[in-house]
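Per my numbering: the sequence shown = residues 209 to 507.
Glycine is no exception: its CB is placed at the ideal position from the N, C-alpha and C atoms.
Quick caveat: nothing in here was measured; it's all calculated off a predicted structure.
Take a look at the structure set out below.
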Amino acid sequence: MLPSTKYACFAAGLISTAIFLAAPASADSGAIPDFAGLWGRNAFNFEPMPSGPRPVTNLERHADGSENPSTLVGDYNNPILKPEAAAIVKRLGERARAGDAYPDPSNQCAPYAPPFTFAMQLGLQILQAADHLTFLYNQDDQVRRVRLNDRHPAKVAPTPMGDSVGHYEGDTLVVDTIGIKTGPLAMVDRYGTPRSSSLHLIERYHLIDNKTANEIADKHQREDGPMGFNGAVLVDHNYKGQGLQLEFTVIDPETFTTPWSARITYRRTVGPWLEQICAEEITHAAKIPLMPIAGKPDF
């Protein structure tokens with residue numbers, strides 16, 4: 209089914225800004241922004257943008273209105289969801305309320321395909337080279353690679369992290385991703401909101417001032433609920449330098465009624481990341497059937 213005219217026009221406008229889809233783009237004449245170092249946050253999920261369609265959020269709330277992070281029940285009434293997607297979110301929420309953990313990339317030791325990456329990962333490091341970037345995430349040693357000033361191939365072979373190309377626009381890094389592999393764990397967030405093979409993701413990274421970064425990150429942590437034990441990532445609350453903000457847009461006309469955007473705000477972290485790896489855990493094997501289990505030791 210063809211997307212609505214409104215959806216198609218909005219998406220076309222976004223894509224037209226991503227000039228690297230048609231031809232390689234070079235950085236503006238200014239210096240390339242420096243994103244070196246370790247970045248982190250202490251709350252899961254997406255931060256809604258100040259305006260526009262909002263991502264799916266948790267219906268489970270504490271008495272003070274903050275999210276109950278121990279029970280993930282996505283708002284299946286969110287108007288961005290098409291009926292089939294809303295039904296999936298509702299079904300998984302019912303499982304969560306019954307105390308049954310549904311499979312997701314995190315509890316299945318699977319790749320955290322974007323944008324699920326942004327909802328789940330608390331630690332980020334960007335390694336910048338002349339012709340590519342490497343994105344490192346602390347949980348389960350997840351890695352993404354982005355080619356700079358390049359085109360997507362005419363025929364993209366789907367992969368777990370998709371095909372990502374990027375370029376700099378002044379002080380902003382823009383990354384465009386298509387070709388993300390689908391399957392039983394194909395979801396955009398921790399509420400199980402599905403995605404299709406048509407998903408197109410646009411990310412924009414830029415540095416923001418310290419005061420703004422602290423205000424936005426602290427607000428999100430209060431409203432969304434802090435991650436216990438800091439999720440192996442310790443934010444440096446005494447750091448006075450800039451923060452890093454990611455604003456991203458999801459375009460998937462098979463799943464959503466409209467493109468929608470959200471953001472993630474990172475701050476500097478204290479010390480190295482603590483080790484956090486995924487391994488099979490047999491006590492939940494019956495409830496979480498997709499987790500890989502080794503037949504014999506590797507050593």
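_On the CB-based measure, 16 or more other CB atoms within 10 Å of its CB, does glutamate 255 come out buried or exposed?_
Classification for glutamate 255: buried.
*Neighbour-count burial assignment, alanine 494, 16 or more Cβ in a 10 Å radius*: Confidence at alanine 494 is low in this model, with a pLDDT of 42, below 50, so its placement is unreliable and the value that follows should be read with caution. Answer is exposed; the Cβ neighbour count stays below 16.
*Which word fits arginine 299, buried or exposed, when buried means at least 16 other C-beta atoms lie within 10 angstroms of its C-beta?*
Exposed, because fewer than 16 other Cβ atoms sit within 10 Å of the Cβ of arginine 299.
*What residue range is occupied by the uninterrupted beta strand (DSSP E) comprising valine 351?*
350 to 356
*For the alpha helix (DSSP H) that contains alanine 327, what are its first and last residues?*
324 to 328
*Compare the C-alpha of tyrosine 399 against each of Pro323, Ala251, Met257 and Asn266 and name the closest.*
Closest option to tyrosine 399, Cα to Cα, is Asn266.
*To which residues does DSSP link glutamate 431 through a beta bridge?*
According to DSSP, which records beta bridges pairwise, glutamate 431 is partnered with nothing at all.
*asked:* Please report the distance separating the alpha-carbon of threonine 225 from that of glutamate 377.
replied: Its pLDDT being 43, under 50, threonine 225 is placed unreliably by the model, and the measurement read from it follows with that caveat. Near 11 Å, if we compare the C-alpha coordinates of glutamate 377 and threonine 225.
_Cβ separation of threonine 420 and lysine 290, assumed to be a contact under 8 Å, to the nearest whole Å_ = With 8 Å as the limit, threonine 420 and lysine 290 do not qualify as a contact, their Cβ atoms being about 34 Å apart.
*At what residues does the alpha helix (DSSP H) containing alanine 470 begin and finish?*
No alpha helix (DSSP H) contains alanine 470, which is instead part of the beta strand (DSSP E) from 468 to 476.
*For alanine 394 and proline 287, the rounded distance between their alpha carbons*: 20 Å
*Inter-residue Cα distance where the pair is valine 396 and leucine 341*: 22 Å
_Could you check whether aspartate 272 and cysteine 486 sit closer than 8 Å to each other, using their CB atoms as the reference points?_
no
*Whole angstroms is fine: what's the gap from leucine 415's alpha carbon to asparagine 346's?*
Rounded to whole angstroms, leucine 415 to asparagine 346 spans 20 Å at the Cα level.
*Since I believe proline 322 is in contact with threonine 385 (beta carbons under 8 Å), could you give me their beta-carbon distance rounded to a whole number of angstroms?*
Between proline 322 and threonine 385 the Cβ distance is about 6 Å, and since that is below 8 Å, they are a contact.
*asked:* Taking the beta carbon of histidine 408 as the centre, do at least 16 other beta carbons fall within 10 Å, making it buried, or is it exposed?
replied: It counts as buried.
*asked:* To the nearest angstrom, how far is the alpha carbon of threonine 463 from that of glutamate 292?
replied: 8 Å
*How big is the Cα-Cα spacing for lysine 363 and glycine 374?*
18 Å
*asked:* Using the three-state DSSP reduction, which class does asparagine 266 fall into: helix, strand or coil?
replied: DSSP, read as helix, strand or coil, puts asparagine 266 in strand.
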